[in-house]
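Trainee:
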Amino acid sequence: MTFRTKIFLTALSAAALAVLAATLLVSWSVRNHLEARIEHELATEARLAAEVLSHRDVATDAQLDAEADALGAILTARVTFIAADGRVVGDSQLTPEQIQAVENHGTRPEIVQALRQGAGSARRHSTTLSADMMYVAVPVRSAASPDLAVVRLSLPLTEVDRQLARVRAFAALGFGAGVLAAVVLTWTLAAPLARRLRSIEARAARYQHGDFARTTPDYGEDEIGAVARTLDALAYEFDARVAALGDDRARMQAILAGMIEGVIVVNEHGRLQLANAAARRLLRIDGAVEGRHYPEIVRHPGVARQISAALAGRAPESVELTGVGRDAASTLIARTAPVASPGGRGAVVVLHDITDLKRADQIRRDFVANVSHELRTPLTAIRGYVEAMADAGPEDARRFLEIVGRHTRRMERLVHDLLRLARLDAGQEALDRVPCSVESLFMAVEADVSNLIATRRQTVARIVAPEAATVSGDPVKLQDALRNLLENATNYSPEGSRITMQAERRRDRLVLSVEDEGPGIPDADLERVFERFYRVDKSRTRDGRDPGGTGLGLAIVKHLIELHGGSVRASNRTPHGAVFTIALPLE
Ligand code: ADP
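Residue numbers (our numbering): 734 to 1320.
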């Protein structure tokens, strides 16, 4: 039911009730008043008639009836004479025959009352006249007719009914006016109210659709205005909270998405609430997983066991998962903990990819093993020759001493290279960058290795492009790197071969290369030659002699060049020979 209909019906009911109450009251009052007046008039007329009769000389019934007719004609009321025994002896509206048939009136209340109290009245429906009647009776004393006891006057109350009908007609008119007033009230009062309510409803609908744009309409100062303002305040508060929640959620999602650790949240029913990008990547989960049961998604039995333990409130041990994640060689560690969730107890799984840590650990172990091995070989040799020297002749002893000396120098080089690598690893070697002449660098390096080159009757060509004449770098470190490369080129290429040191500009890089005519490096090993202690062929000696190298040279070169922000790589040239290329940033 619309607001307007309600107001209309209320106004209408109020009008109807008021009109009804007024009608009842007025009817009651009018009826009372009219009836009292009629009764009074009839009583007066009855007394008059009694007085007249007491002086009249009427004796027979016929005379009495004629007298009643005469009085009735004057008084307009019906006049009835009743004898002391209740018999009707005259009536202004009945013929003598009819009077004979009239029943005895001795028990009629007005007659009984008149005889006892001197006057009596009654109101009742007359079946003879089929109308409500007023009866008033007074006693009468007539010397001529001692039988006559009471004179009664009666009048139909049609006048009263007529008056009441008029009252009702006015009431109907009043009700009509009430309906009109209700309509007018509805239009003048309800229409603006309904309009205001509709505008508040429209606003609420806007809020429902998430439009919280702030405007300040004039709501008015009454209760409706207060309700509307409260609604606005609620909506703005709600909007602010939703925005804050959204911010929190976005922040949390950004954190989760940015984490390298995988995070999985399981609710108290064992259903996945969240799996961040890292978790999806590590466990190779595709598609939407939220709401799914965890054993369907987390297929690793160790992790599934952890989750069920956490859901039962225990703090499970962490588990290591191998072959899960990026590739078959990767290792994850999963830690699971119970967490309080709104509906009970959930679980959070955090997955750490420890593949790199494991690899670093393996490299460290290999390194220690390699160092031990590299040191043990010369040490064993030294011990063997020293022991042999006890029984050797002077000629052998000198040879043995030479060998011992060579192994000692090898150990010295190894320790020297290890210390250098350790310093480089620890970032303890500062870079002293200055513009250096490439030609001077090449010449200094060649001079450093000149003895070896001369022994092996090799030739060195230096080609420096004009635009690559100067390089920005630490001259000592660049010289160390280039010397290492030139030494390797000499050591690993045949006698009499040619080695080329070259400098050129390639886009924004200055490229220095050392090229030889040796056997080159197998393609599979091109990347690995820069690893510590990595040698292409462990048994291969440099041109049949003791290798003398530590296997750390290229690792140091790589470090030194990377310190400059550059890179170094190995390749092969045709038909054969190795090429080591250093690319340095121009500035
Ligand atoms: P080493 O002290 O053994 O020379 P490096 O780190 O300098 O150690 O070199 C690592 C390995 O790379 C060498 O053992 C060798 O097998 C290979 N290598 C380096 N330079 C050359 C080259 N110019 N020609 C062929 N192989 C080379």
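We treat Cβ as the ideally placed atom computed from N, Cα and C, and that holds for glycine.
For the ligand ADP, is there a heavy atom less than 6 Å away from the beta-carbon of V1193?
Mentor: Flag unset: Cβ of V1193 not near the ligand ADP.
Trainee: When burial is assigned at 16 or more other CB atoms within 10 Å of the CB, is I740 buried or exposed?
Mentor: Burial call: buried.
Trainee: Once you ignore the five residues that flank E1200 on each side, which residues in its own chain have a CB closer than 6 Å to its CB?
Mentor: These residues qualify, in order along the chain: R1238.
Trainee: Which residues mark the beginning and the end of the beta strand (DSSP E) in which R1261 is found?
Mentor: From DSSP, R1261 is part of no beta strand (DSSP E); its letter is neither H nor E.
Trainee: Please classify H766 as buried or exposed, where buried requires at least 16 neighbouring CB atoms within 10 angstroms.
Mentor: It is exposed - the Cβ of H766 has fewer than 16 other Cβ atoms within 10 Å.
Trainee: Could you say if the segment 867-882 and the segment 894-908 meet the contact criterion of at least three C-beta pairs nearer than 8 Å?
Mentor: No: fewer than three Cβ pairs fall under 8 Å.
Trainee: With a threshold of 6 Å (Cβ to nearest heavy atom), would T1283 be considered close to the ligand ADP?
Mentor: Result yes, Cβ under 6 Å from the ligand ADP.
Trainee: Which ranges would you report for the beta strand (DSSP E) in the segment 1136-1212 if only whole runs of at least 3 residues count?
Mentor: Fully enclosed beta strand (DSSP E) runs of 3 or longer: 1167-1170, 1192-1197 and 1203-1206.
Trainee: Check H942 in the structure and name its three-state DSSP category.
Mentor: The answer is coil: DSSP assigns H942 none of H, G, I, E or B.
Trainee: Report the start-end ranges of each beta strand (DSSP E) in the segment 797-835 that is 3 residues or longer and not cut off at the edges.
Mentor: Entirely contained in the segment 797-835, the beta strand (DSSP E) runs reaching 3 residues are, in chain order, 811-816 and 821-824.
Trainee: Using a 10 Å radius around the Cβ and a threshold of 16 neighbouring Cβ atoms, would you call R1278 buried or exposed?
Mentor: Note that R1278 scores 45 on pLDDT, short of 50, meaning its location in the model is unreliable; the coordinates nonetheless yield the value given after this. Exposed.
Trainee: In chain order, what residues of the same chain have a beta carbon less than 6 Å from the beta carbon of L1164, not counting five sequence neighbours either side?
Mentor: The answer, listed in chain order, is D1207 and L1296.
Trainee: Quick check on the burial criterion: 16 or more other C-beta atoms within 10 angstroms. Buried or exposed for E1135?
Mentor: With fewer than 16 Cβ atoms within 10 Å of its Cβ, E1135 is classed as exposed.
Trainee: May I ask whether a heavy atom of the ligand ADP can be found less than 6 Å away from the beta carbon of I1254?
Mentor: Yes; taking the cut-off as 6 Å, the Cβ of I1254 has a heavy atom of the ligand ADP nearer than that.
Trainee: Report yes or no: do three or more beta-carbon pairs, one from the segment 807-826 and one from the segment 834-854, lie closer than 8 Å?
Mentor: Short answer: they touch.
Trainee: With distances taken from CA atoms, which of V791, L753, D965 and V1057 is nearest A1012?
Mentor: Measuring from the Cα of A1012, the nearest candidate turns out to be V1057.
Trainee: Note down the Cα distance separating I957 from T1069, rounded to an integer number of angstroms.
Mentor: One C-alpha to the other measures close to 55 Å.
Trainee: Under the three-state reduction of DSSP, which class applies to I1315: helix, strand or coil?
Mentor: Three-state result, I1315: strand.
Trainee: If you check the beta carbons only, do R1146 and T1314 fall under 7 Å apart?
Mentor: No, Cβ-Cβ distance for R1146 and T1314 is not below 7 Å.
Trainee: Using C-beta distances below 7 Å, list every residue in its chain close to H1033, excluding the 5 sequence neighbours before and after it, in chain order.
Mentor: The answer, listed in chain order, is L1054 and V1057.
Trainee: Which residues bound the beta strand (DSSP E) around H1085?
Mentor: Its beta strand (DSSP E) spans residues G1077 to D1086.
Trainee: Below 8 Å, can you find three or more Cβ-Cβ pairs linking the segment 983-997 to the segment 1082-1095?
Mentor: Yes: the two stretches touch, three or more of their Cβ pairs being nearer than 8 Å.
Trainee: Are the CB atoms of A1316 and V1244 nearer to each other than 7 Å?
Mentor: Yes, these two residues count as a Cβ contact at 7 Å.
Trainee: Confirm the yes/no value for this check: CB of V1262, any heavy atom of the ligand ADP, distance under 6 Å.
Mentor: Yes; taking the cut-off as 6 Å, the Cβ of V1262 has a heavy atom of the ligand ADP nearer than that.
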